[in-house]
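**Student:** Before we start, here is the structure in question, set down as structure tokens.
Numbering (the numbering used here), first residue to last: 6 to 552.
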């Protein structure tokens, strides 16, 4: 089974040369040193326990969850190394490093062991929500522990009858008269809702106050700790673990809150606003997970293809490794080119996120636009790439012992959670395009000029105009029907532009082979992947009416 080697050279290149990343905090040497240290933990600690996490999984007994072998010890190394604190404010013990540097570090955790990486990913959303919406008292009490990783956080959103329709939530929160609330209800699909890796777990729970308005307008968000400030156990427990297709090492819990003590986060009935602070953070990170698991599958497939001898060379007649055959070359290049496109897009969003945190309104608009594209395009890509990874292995890919199947199984959740990719497409079409008449979308499309054939940009603008026209005529079903192929085309075209930019920036790179690879990858994508955007755009404009 192949090892995981974080793609440090590509990560460093993107931050220091290809993207408009500037920082007064870190320079090129610092970036290289941080990535090297993170790679050691990912490669030597997290990756080796990935398979046993898949095979052994987490277990539940009397409400207590025991994580897979090695996970607790690995988390202690991760926490003690200060890795949980990388992007957070130094006011509460964070390292205050840019998100643009945090993203490649997080990619390593997810690529090495996605089941493990889910715990800090969810904690990250909790930190963001409390940082933005918490009272000063809440920030002072919770943030330092969550940022250090001594405690972890969760998102308790959906319920059995609700799915993605949060307007159907039934969980209740009743005032206790002392500023706290009594929270009751059942939540499903709670990642790391219970585990043995941290001293406390802080649950962020959506629930309704008495006499709350109907639908999503009546939702509030509550902080519900596993252990209260006086050390007593709160009235909540894990009552079940889901038996999943993949990510077996990550405990996905059904949580029961039975009059648990909770504290309002943000204002009454503002739960949806608070939730989106968590969700938007998580959606970019899930897109990053797609890049990471695809990279892991590619490395695995490439190593197998280089080692597996089968078939003969057309010219010499000698038996060759399968990576010399045209079809396998096509699959490996398809995998690698889409991974690199997704990585560049995702890191570009992270660079914009740092600028947005600095008050740059244009950067904030760019992040908002790219969030659904990164989440959906990169996770759909991960399913395709991990499936190709199985295909490269041939019949052995269908056998669990080779390891290729785990990446495919793990990747399959990514287009579903943190808002299905259909929801991402609706977000792009309705909230990011129709809301401002396509101003931000068209400005971003204009920014791609010079890096991709103008015909594709013109077609993408035409599809944008089609959505705006349909929306203006109140033909919202037509907009909805067009949204998914529109997003697919948008991501595919943006990916081509990013690869062309990378190939141009790599010219003159000290490693001539690296520069040649960048040019080769961009050329393959342009001739083999980019043309698919035309079909997506035609489906968006001409096919949506058939739906």
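Even for Gly, the Cβ is constructed at its ideal location relative to N, Cα and C.
Apply the 10 Å Cβ neighbour rule to residue 108 and answer buried if 16 or more other Cβ atoms are within range, or exposed otherwise.
**Tutor:** The count along the chain shown starts at 1 and reaches residue 108 at position 103. Residue 108 comes out buried.
**Student:** Who are the Cβ neighbours of residue 429 in its own chain at under 7 Å, not counting the five residues just before and after it?
**Tutor:** One-based indexing of the chain shown puts residue 429 at position 424. Closer than 7 Å at the Cβ level, and outside the excluded window around residue 429, lie 377, 380, 381, 492.
**Student:** Could you check which residue in 188, 370, 138 has the C-alpha nearest to that of residue 272?
**Tutor:** The count along the chain shown starts at 1 and reaches residue 272 at position 267. Residue 272 has its Cα closest to that of 138, out of 188, 370, 138.
**Student:** Take residue 396 and list the residues in its own chain whose beta-carbon comes closer than 7 Å to its own, dropping the five residues that flank it on each side.
**Tutor:** For this step, residue 396 is matched to residue 391 along the chain shown. Correct list, in chain order: 336, 402.
**Student:** Flag this pair as yes or no: are the beta carbons of residue 393 and residue 298 separated by less than 9 Å?
**Tutor:** Within the chain shown, numbered from 1, the residue matching residue 393 stands at position 388. Within the chain shown, numbered from 1, the residue matching residue 298 stands at position 293. It is not a contact, given that the beta carbons lie outside the stated cut-off.
**Student:** For the beta strand (DSSP E) containing residue 491, name the first residue and the last one.
**Tutor:** Taking the first residue of the chain shown as 1, we reach residue 491 at position 486. No beta strand (DSSP E) contains residue 491, which is instead part of the alpha helix (DSSP H) from 481 to 511.
**Student:** Classify residue 314: buried if its beta carbon has 16 or more other beta carbons within 10 angstroms, exposed otherwise.
**Tutor:** Along the chain shown, one-based indexing puts residue 314 at 309. Per the 10 Å Cβ criterion, exposed.
**Student:** Please list, in chain order, all residues of the same chain as residue 50 whose beta carbon is under 6 Å from its beta carbon, the five residues on each side excluded.
**Tutor:** In the chain shown, counting from the first residue as 1, residue 50 sits at position 45. Around residue 50: 79, 82.
**Student:** Note down, in chain order, each residue of its chain lying with its Cβ closer than 6 Å to the Cβ of residue 264, except the 5 sequence neighbours on either side.
**Tutor:** The count along the chain shown starts at 1 and reaches residue 264 at position 259. Excluding five sequence positions before and after residue 264, the CB atoms of its chain that fall closer than 6 Å to its own CB belong to 187, 189, 240, given in chain order.
**Student:** Do residue 208 and residue 72 have their C-beta atoms closer together than 9 Å?
**Tutor:** Taking the chain shown and counting its residues from 1, one reaches residue 208 at position 203. Taking the chain shown and counting its residues from 1, one reaches residue 72 at position 67. Result no, Cβ atoms of residue 208 and residue 72 do not sit closer than 9 Å.
**Student:** Can you tell me which residues form a DSSP beta bridge with residue 196?
**Tutor:** Numbered from its first residue, the chain shown carries residue 196 at position 191. 257, per the DSSP bridge assignment.
**Student:** According to DSSP, which residues form a beta bridge with residue 269?
**Tutor:** Residue 269 sits at position 264 when you count from the first residue of the chain shown. Per DSSP, 227.
**Student:** Which residues does DSSP list as the beta-bridge partners of residue 191?
**Tutor:** Position 186 of the chain shown, counting from 1, holds the residue named residue 191. Bridge partners of residue 191: 261.
**Student:** Return the CA-CA distance between residue 496 and residue 56, expressed in angstroms with no decimal places.
**Tutor:** Here residue 496 is taken as the residue at index 491 of the chain shown, counted from 1. Here residue 56 is taken as the residue at index 51 of the chain shown, counted from 1. Near 32 Å, if we compare the C-alpha coordinates of residue 56 and residue 496.
**Student:** Can you tell me where the alpha helix (DSSP H) holding residue 311 begins and where it ends?
**Tutor:** Taking the first residue of the chain shown as 1, we reach residue 311 at position 306. Here the alpha helix (DSSP H) through residue 311 covers 276 to 312.
**Student:** At the level of alpha carbons, what is the spacing between residue 155 and residue 70?
**Tutor:** Here residue 155 refers to the residue found at position 150 when the chain shown is read from its first residue. Here residue 70 refers to the residue found at position 65 when the chain shown is read from its first residue. Computed Cα separation, rounded: 17 Å.
**Student:** In angstroms with no decimal places, state the Cα-to-Cα distance between residue 374 and residue 487.
**Tutor:** As a first step, residue 374 is located in the chain shown; it is residue number 369 there, counting from the start. As a first step, residue 487 is located in the chain shown; it is residue number 482 there, counting from the start. Spanning the two alpha carbons is a distance of roughly 17 Å.
**Student:** Taking all protein chains shown into account, do 16 or more other C-beta atoms lie within 10 angstroms of the C-beta of residue 12, making it buried, or fewer, making it exposed?
**Tutor:** Residue mapping note: residue 12 aligns to position 7 of the chain shown, counting from 1. The residue is buried, with at least 16 neighbouring Cβ atoms inside 10 Å.
**Student:** Going by other Cβ atoms of all chains shown within 10 Å of its Cβ, with 16 needed for buried, is residue 317 buried or exposed?
**Tutor:** Locating residue 317 in the chain shown gives position 312, counting from the first residue. The residue is exposed, with fewer than 16 neighbouring Cβ atoms inside 10 Å.
**Student:** Quick one, which of 76, 256, 502 has its alpha-carbon nearest residue 450's?
**Tutor:** Taking the chain shown and counting its residues from 1, the one referred to as residue 450 is at position 445. The residue with the shortest Cα to Cα distance from residue 450 is 502.
**Student:** Taking a contact to mean a Cβ-Cβ separation below 9 Å, would you say residue 390 touches residue 530 in this structure?
**Tutor:** As a working note, residue 390 is residue 385 in the chain shown. As a working note, residue 530 is residue 525 in the chain shown. Taking 9 Å as the cut-off, the Cβ atoms of residue 390 and residue 530 do not count as close.
**Student:** Does the stretch 173 to 188 come into contact with the stretch 220 to 232, if we say contact requires no fewer than three beta-carbon pairs (one atom in each stretch) closer than 8 Å?
**Tutor:** yes
**Student:** Return the residue from the list 280, 345, 360 that minimises the CA-CA distance to residue 1.
**Tutor:** Look at the range of the chain in this structure, 6 to 552, and you will see that residue 1 is not part of it.
**Student:** So, does the stretch 145 to 154 touch the stretch 119 to 135, judging by three or more C-beta pairs under 8 Å?
**Tutor:** yes
**Student:** Go ahead and pull the three-state DSSP assignment for residue 326.
**Tutor:** What you label residue 326 is simply residue 321 of the chain shown in a count that begins at 1. Strand.
**Student:** How is residue 238 classed by DSSP in three states: helix, strand or coil?
**Tutor:** Your numbering for residue 238 matches position 233 in the chain shown. In the structure shown, residue 238 sits in a strand (DSSP, three-state: E or B).
**Student:** I'd like to check one pair, residue 115 with residue 294: are the Cβ atoms closer than 9 Å?
**Tutor:** Residue numbering aside, residue 294 sits at position 289 when the chain shown is read from its first letter. Residue numbering aside, residue 115 sits at position 110 when the chain shown is read from its first letter. Yes, the pair counts as a contact, with Cβ atoms nearer than the cut-off.
**Student:** Check whether the Cβ atoms of residue 490 and residue 532 lie closer than 9 Å to each other.
**Tutor:** For this step, residue 490 is matched to residue 485 along the chain shown. For this step, residue 532 is matched to residue 527 along the chain shown. Contact: no.
**Student:** Assuming contact is defined by CB atoms lying nearer than 9 Å, are residue 511 and residue 499 in contact in what I supplied?
**Tutor:** The sequence position of residue 511 within the chain shown is 506, counting from 1. The sequence position of residue 499 within the chain shown is 494, counting from 1. No, the Cβ-Cβ distance between residue 511 and residue 499 is not below 9 Å.
**Student:** If you measure between the beta carbons of residue 370 and residue 457, is that distance less than 9 Å?
**Tutor:** The count along the chain shown starts at 1 and reaches residue 370 at position 365. The count along the chain shown starts at 1 and reaches residue 457 at position 452. Contact flag unset, no.
**Student:** Quick one: measure Cβ to Cβ for residue 105 and residue 227, integer angstroms, because I've assumed they're closer than 8 Å.
**Tutor:** As a position in the chain shown, residue 105 is number 100, starting the count at 1. As a position in the chain shown, residue 227 is number 222, starting the count at 1. Not confirmed; about 33 Å, so no contact.
**Student:** Quick check: what's the CA-CA separation for residue 515 versus residue 526?
**Tutor:** The count along the chain shown starts at 1 and reaches residue 515 at position 510. The count along the chain shown starts at 1 and reaches residue 526 at position 521. Each residue's alpha carbon lies about 18 Å from the other.
**Student:** Closest to residue 23 by CA distance: which of 537, 522, 505 is it?
**Tutor:** Start at 1 with the first residue of the chain shown, and residue 23 comes out as number 18. When each option's Cα is compared against that of residue 23, the closest is 505.
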